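In the numbering used here, the protein residues as written are 225 to 1072.
The structure is reproduced here in structure tokens:
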């Protein structure tokens, strides 16, 4: 299990994981004192020996000016001491999104699900948690290269048994970590470096003079050594030309934020390269407007229209292109990595290149970069197989100022990236889409079509985060704008589909039903009945049918949508959403065995194609645990639901709606497994949290309060249960009416509260009314109706009047026959009925 395992390094015990480490500089020279100081600090408390468990030490930072060799020193440390670690991992830290992406790519090496399975954000968090715990490796080294502000990466530095090394130009790191200042070379190191770098022998006195002229700056020495190695230029001539360039720079009043020696050395290298191969300079200038991260070689291997003439000519000739790439490497103007097929230009060289260009030239090169990025065939951002390609270019989007482009193709490209970040669960998604919205609104106004599409993506991201009120208000504004500007139906309907979810999140089930019925009609008219978009709209409508107690209609429509998407060969995540929705509808119809069979198949499919921590897999697992619970397989249900709840807590925290739904299902199964007190505590905590997500009078909150009341009775407090259920029923009646299954679930339990208090006349009155409504709503044979009938027959018998006893006997005989037909007499519900114990109904929150 390795990342990139360098062949030139021999280790007595190579790290198990060695990934993303840049190639070792074969000309690395000196820095022995600094490396020893760094190593000593890393292993403080172990007498220089690394033990089985590394000491917990502060992160260490190499800080200094640009070009002094901080990154190369970090690379050398990794190669020199890598055999002392089980895991060595390199993280580009100049953009937050790259940090998360790099940590996410580490996850599979820690025996964790990949980002393709669970999303970038969750894979990164899982990797950090594993590092903190030291599982499976406690001897690890993370290198954060080119970190800027300490506050920006503090939350991704794991406090665990391993080591952290940071490189930065920011001296503020001295205040928060163990800092090791990195200065220019000593003169002896400069001379030794030049002696290695220049292929022909260079006299020590010449190397000394050259180092003096370059201020002993390692990057400038690299430039000078490369130029001399390639051209054979005598040192005297080089120094003379260097002085001319430095004087010219000073005379022209060039900015002094970079060392003048570096600027002069770079100027001289570029001057000589332009004489030798001018097209390589065009390539270098293009690279200067990407990010400082490695650029995939495929970026330059495509045919793209609209490029500047010079770049277009170069890319059209693969021989010239390869030669130019090689020349940039030979002149030390770029790092060429054949193994990863990437080109990387140092950020300081990029800045120097850009500073030499006038505004018009800069705009032209930016436009070229934008066209190259948008020309890449990255695939559908909703499909996880394509996420690696999107992640490979993400680090270039912000540095290339993609948000500033008004080109429609570039904006479409940006929206695809936003979609990728949303689908992969990357925590950068919201910040990313906000960046584009802010710039596009400024440039094109709030009603621009791409601005409105970006708002639609923002709504999806906010809904994923559980911010339902924000989503509703945003989508209503966006819908109004789209209608006002005449957005075409195919674009408008993509937003319309999501608004049904917004209405469900507000508890407006009837409004959601009406909205989605209209949505399906419009989708069928626009796309036809078999189109994937229409089938998704039908799935949404089926959810509304379930929420309005029309279980059989929901089941029929979910089946149509699921079969249609299978035939259309939709993506795995989409198929699993619809498959699980069908299994849920079958369960709600009362067919628990069939729901379990469907759910088990769906779960196996999700595990194979999405992984065990994908959000859709987790919903499927939770729903399967409910089906098992209804079927009476309580041990399996408890094990599954406990695991799912734990995964939700790690993924989203305690207050996310999906976590709350899993918590309530877990409380229900705990009650069924004799863990009533644990279930009561969990349900009470969940009921307190729910109003912050949905509002206190949302049907989900009220129905969950009914679960809490049920647990109070099973924990021997029927009076408290009665009071809570009576209050809940009043609110549910106002919100949903008396003929909704949420209301009737709580009413059934209230009758049991009254019976537990010995108030059999009131229990019978409540039971009769509830039973009548249930049989009309879901039929006499539905398990909800059977439970209510079972309780009513027991209460009638206990009431004791001759009429009541006779009614009880008749109802009991009919109910026994129906249990035998529907669930069989060995089912736990049937056994409880035969023993004249009260049956309880509970509620499991469905997805929005």
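The beta carbon of each residue, even a glycine, is placed where N, CA and C say it ideally should be.
Only a predicted model underlies this, so the values are computations on that prediction, with no experimental measurement involved.
According to the DSSP secondary-structure assignment, residue 665 is paired through a beta bridge with no residue.
DSSP places residue 403 within a strand segment (E or B) once states are collapsed to three. DSSP places residue 388 inside the beta strand (DSSP E), whose first and last residues are 387 to 392. Rounded to the nearest whole angstrom, the C-alpha separation of residue 908 and residue 633 is 52 Å. Between residue 891 and residue 935, the beta carbon gap of about 7 Å places them in contact (Cβ cut-off 8 Å).
When the beta-carbon positions are compared, residue 254 and residue 373 stay at least 7 Å from each other. Of 887, 985, 639, the smallest CA-CA separation from residue 658 is found for 639. Counting C-beta pairs closer than 8 Å gives fewer than three between the region 920 to 932 and the region 700 to 717, which falls short of the contact rule. Counting C-beta pairs with one atom in each stretch, the region 725 to 733 and the region 910 to 925 have three or more that are closer than 8 Å, which means they touch. Counting only runs of 4 or more residues that sit fully inside the region 744 to 774, the alpha helix (DSSP H) segments are 756 to 771, in chain order.
For residue 519, the secondary structure class from DSSP, reduced to helix, strand or coil, is strand.
In this chain, the beta strand (DSSP E) harbouring residue 287 covers 284 to 287. The C-alpha of residue 354 lies about 19 Å from the C-alpha of residue 651. Contact between the region 826 to 839 and the region 787 to 806 is present, with at least three C-beta pairs closer than 8 Å. Taking a cut-off of 8 Å for Cβ pairs, the region 616 to 623 and the region 508 to 515 touch, as three or more such pairs fall below it. A contact is defined here as three or more CB-CB pairs under 8 Å, and the region 581 to 589 fails this definition with respect to the region 494 to 504.
Collapsing the DSSP output to three states places residue 559 in a strand. Given a length threshold of 3 residues, each whole run of the beta strand (DSSP E) inside the region 552 to 638 is given here in chain order: 559 to 561, 566 to 568. In the three-state scheme derived from DSSP, where H, G and I count as helix and E and B as strand, residue 315 is classed as strand. Pairing residue 1024 with residue 888, the inter-Cα distance amounts to about 37 Å.
Using a Cβ distance threshold of 7 Å, residue 645 and residue 653 count as a contacting pair. Of all alpha-carbon atoms in 530, 509, 680, 539, the one lying nearest the alpha-carbon of residue 523 is that of 539. For the pair residue 572 and residue 565, the Cα-to-Cα distance works out to about 22 Å.
Beta-bridge partners assigned by DSSP to residue 366: 313, 388. One Cα belongs to residue 683, the other to residue 677, and the distance between them is close to 10 Å. In the structure shown, residue 870 adopts helical secondary structure according to DSSP, grouped into three states.
Taking every protein chain shown into account, the CB of residue 663 has 16 or more other CB atoms within 10 angstroms, so this residue is buried.
Distance from the CA of residue 766 to the CA of residue 885, rounded to the nearest whole angstrom, comes to 20 Å. Remark: C-beta atoms of residue 786 and residue 806 approach each other more closely than 7 Å. Judged by pairs of C-beta atoms under 8 Å, the region 973 to 988 touches the region 1009 to 1025, as three or more such pairs exist. Annotation for residue 955: 921, 926 place their beta carbon closer than 7 Å to its own, counting only its chain and skipping 5 residues before and after.
Nearest neighbour of residue 377 by Cα position, chosen from 679, 316, 763, turns out to be 316. Here the region 336 to 346 makes no contact with the region 361 to 369; the two share fewer than three CB pairs at distances below 8 Å. Non-local beta-carbon contacts of residue 709 in its own chain, meaning distances under 6 Å to residues more than five positions away in sequence, involve 671 in chain order. Pairing residue 946 with residue 977 gives a Cβ-Cβ distance under 7 Å. Contact between residue 449 and residue 421 is confirmed by a C-beta separation of about 3 Å, below the 8 Å threshold.
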